[in-house]
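Presented below is the structure to which this report refers.
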Amino acid sequence: MATIARRMSAPRGEKPYRVYRGGRVKGKVPTIPRPTRERGGDGDGRRDYRGPGAKQPATGWRGWSWKRWTGLTVLVIILFLFFWILAAYLSFRGGVKDANKRLPESVRLALVPDKGMMLSHASDILLLGTDHSLNASRASDQHSDSIQILRTDPKHDKLIYLSIPRDLRVPDIPGHGPDKINAAFQIGGARLAARTIHEYTGLPINHIVIVNFHSFSKLIDKVGGIDINVPERILSNKFDCPYPTNERCARWKGWRFRKGVQHMNGYRALIYSRIRENRLNPADTDITRGARQQAVVQALKFRAGKTLHCRLGGKSDGGYIDPSEDNLRVIAMVRGESAPQPPPPNGDTFPPGCYVNRLPPGG
């Protein structure tokens with residue numbers, strides 16, 4: 005301890021430490037950049053520090069601007085829509101061809117060949133609907149309960165539905181004279197029906213699809229049902245009684261539908277489309293029945309572009325509907341010309357006409 009004390013002691017008047025003068029060095033002081041940190045081999049993915057200086061531009065897709073990303077997104081959407089539409093068209097064309105193959109050879113010979121691909125040329129498809137009622141008395145009845153022509157018009161981006169009343173009187177069923185138009189199907193099958201409708205309307209029938217409405221109801225069930233806007237309250241005539249005994253069916257009044265939008269399963273939609281008489285509206289006839297059938301079909305169809313709904317009409321004499329002179333103008337509308345907008349039915353007169361993107365009154 006004595007030795008340490010002697011070393012730390014200083015002469016009298018002197019401080020045991022020195023004072024140095026500090027301050028900034030005049031002139032530029034060179035800086036030494038930080039060294040670059042090398043990426044380790046452990047693959048931790050941390051970004052390396054590259055020292056001071058200009059920011060390095062990003063490379064690859066990370067360097068894309070928002071405009072380039074927007075353009076790429078739009079391109080992908082366009083390609084998706086193109087392939088989706090192409091697939092839908094091929095599926096539709098394949099279904100029509102399969103339906104044609106199921107027809108007898110004699111019926112196929114009666115069809116008018118398409119002028120080209122359905123994707124680029126107009127085509128007329130005859131839709132014949134049969135309900136084949138569960139009633140045994142109608143088991144052999146081969147009347148066409150629904151007659152429609154679907155015309156595809158890709159050049160004008162339109163689908164056109166022409167509904168033909170089954171009771172419409174035509175001047176001639178080839179080889180049989182004047183009769184209701186739906187009698188052609190019973191007399192000579194789809195071939196005579198196509199020929200009769202072609203001679204009356206002048207429209208070439210390129211394809212025929214025979215629709216069994218009972219099979220149609222299964223399709224409706226598979227898609228989870230459909231929504232129908234019923235324009236008025238309905239109490240139908242009696243058909244296909246839902247009860248097992250004759251006594252209960254005798255007390256049954258008929259099928260009832262309330263007014264307004266309602267969800268229907270396949271069986272209910274089938275009943276709705278087959279109603280021929282509304283006891284709550286005496287003016288309800290085969291014309292409004294065709295409108296109900298169109299409503300059922302439209303509820304299943306995906307609307308693409310403009311859809312034109314047309315109907316032929318006339319004046320009812322009880323058993324027949326005498327065709328109106330304006331029917332020729334409606335057929336011209338289906339071909340792409342002009343036609344009148346019909347007023348609602350008045351009594352026993354059912355004016356023909358066309359509606360764009362909506363159903364006729366009663367549908």
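Reading the sequence shown from the start, the letters are residues 5 to 367 in my numbering.
Beta carbons: idealized from backbone N, C-alpha and C, even for Gly.
6 Å Cβ shell around residue 196 - same chain, five flanking residues per side excluded
Here residue 196 is taken as the residue at index 192 of the sequence shown, counted from 1. For residue 196, where only same-chain residues beyond five positions count, the Cβ hits under 6 Å are 188.
Quick check on DSSP: helix, strand or coil for residue 324?
In the sequence shown, the residue the question calls residue 324 occupies position 320. Looking at residue 324 - three-state DSSP - the assignment turns out to be coil, as it is neither helix nor strand.
First and last residue of the beta strand (DSSP E) that includes residue 132?
In the sequence shown, residue 132 corresponds to position 128, counting from 1. 127–134 is the extent of the beta strand (DSSP E) around residue 132.
Would you call residue 91 buried or exposed, if buried means 16 or more other Cβ atoms sit within 10 Å of its Cβ?
Here residue 91 refers to the residue found at position 87 of the sequence shown. The residue in question, residue 91, is exposed, as its Cβ has fewer than 16 Cβ neighbours within 10 Å.
Mapping the DSSP letters down to three states, classify residue 234 as helix, strand or coil.
The residue labelled residue 234 in the question sits at position 230 within the sequence shown. In the three-state DSSP reduction, residue 234 falls in the strand class (E or B).
How many angstroms separate the CA atom of residue 81 from the CA atom of residue 71?
If you number the sequence shown from 1, residue 81 lands on position 77. If you number the sequence shown from 1, residue 71 lands on position 67. The alpha-carbon of residue 81 is positioned some 15 Å away from that of residue 71.
Cα-Cα separation between residue 86 and residue 224, rounded to whole angstroms:
Your numbering for residue 86 matches position 82 in the sequence shown. Your numbering for residue 224 matches position 220 in the sequence shown. Spanning the two alpha carbons is a distance of roughly 27 Å.
Straight-line Cα distance separating residue 178 from residue 222:
Here residue 222 refers to the residue found at position 218 of the sequence shown. Here residue 178 refers to the residue found at position 174 of the sequence shown. A straight-line Cα-Cα distance of about 36 Å links residue 222 and residue 178.
Report the rounded CA-to-CA distance for residue 163 versus residue 313, giving the unit in angstroms.
The residue labelled residue 163 in the question sits at position 159 within the sequence shown. The residue labelled residue 313 in the question sits at position 309 within the sequence shown. Each residue's Cα considered, the two are about 9 Å apart.
Check: residue 209 C-beta below 7 Å from any heavy atom of the ligand HEM:
Of the ligands one can find in the structure shown there are none, so the ligand HEM has no counterpart to examine.
Could you say which of 182, 159 and 170 lies nearest to residue 151 if we only look at CA atoms?
For the purposes of this step, residue 151 is taken as residue 147 along the sequence shown, with counting starting at 1. When only C-alpha atoms are compared, the closest one is 170.
Quickly, what does DSSP pair residue 151 with across the bridge? List them, please.
Taking the first residue of the sequence shown as position 1, residue 151 is located at position 147. Its beta-bridge partners are 132 and 168.
Rounded C-alpha distance that separates residue 185 from residue 158
Residue numbering aside, residue 185 sits at position 181 when the sequence shown is read from its first letter. Residue numbering aside, residue 158 sits at position 154 when the sequence shown is read from its first letter. Rounded to whole angstroms, residue 185 to residue 158 spans 29 Å at the Cα level.
Starting from residue 214, trace the beta strand (DSSP E) in both directions and tell me its first and last residue.
Counted from its first residue, the sequence shown places residue 214 at position 210. First-last of the beta strand (DSSP E) with residue 214: 211–216.
Can you give me the Cβ contacts of residue 371 inside the same chain, cut-off strictly under 7 Å, excluding the 5 residues immediately before and after it?
The structure shown does not extend to residue 371, since the chain spans only 5 to 367, so no value can be given for it.
Residue 268 to residue 74, Cα distance in whole Å?
Here the question's residue 268 lines up with position 264 in the sequence shown. Here the question's residue 74 lines up with position 70 in the sequence shown. So the alpha carbons of these two residues sit roughly 43 Å apart.
With 16 other Cβ atoms within 10 Å as the buried cut-off, status of residue 256:
Mapped onto the sequence shown, residue 256 falls at position 252. Exposed.
Assumed close pair residue 240, residue 279 - CB separation to whole angstroms, cut-off 8 Å
Here residue 240 is taken as the residue at index 236 of the sequence shown, counted from 1. Here residue 279 is taken as the residue at index 275 of the sequence shown, counted from 1. Confirmed, about 4 Å.
Proximity to residue 205 [Cα-Cα], best of 220, 193, 168 and 84
In the sequence shown, the residue the question calls residue 205 occupies position 201. Closest by C-alpha distance to residue 205, out of 220, 193, 168 and 84, is 168.
Report the residue from 294, 301 and 283 whose alpha carbon sits nearest the alpha carbon of residue 230.
In the sequence shown, the residue the question calls residue 230 occupies position 226. Comparing Cα positions, the closest option is 301.
CA-CA distance, residue 237 and residue 261?
Working through the sequence shown from its first residue, we reach residue 237 at position 233. Working through the sequence shown from its first residue, we reach residue 261 at position 257. Cα to Cα, the separation comes out at about 6 Å.
Identity of the residues DSSP links to residue 337 by a beta bridge:
Here residue 337 corresponds to residue number 333 of the sequence shown, with the count starting at 1. Per DSSP, none; premise fails for residue 337.
Could you please give me the residues that DSSP links to residue 266 through a beta bridge?
Mapped onto the sequence shown, residue 266 falls at position 262. Per the DSSP secondary-structure output, residue 266 pairs in a beta bridge with 232.
Assign residue 274 to buried or exposed, taking buried as 16 or more other Cβ atoms, counted over all protein chains shown, within 10 Å of its Cβ.
Taking the first residue of the sequence shown as position 1, residue 274 is located at position 270. Per the 10 Å Cβ criterion, buried.
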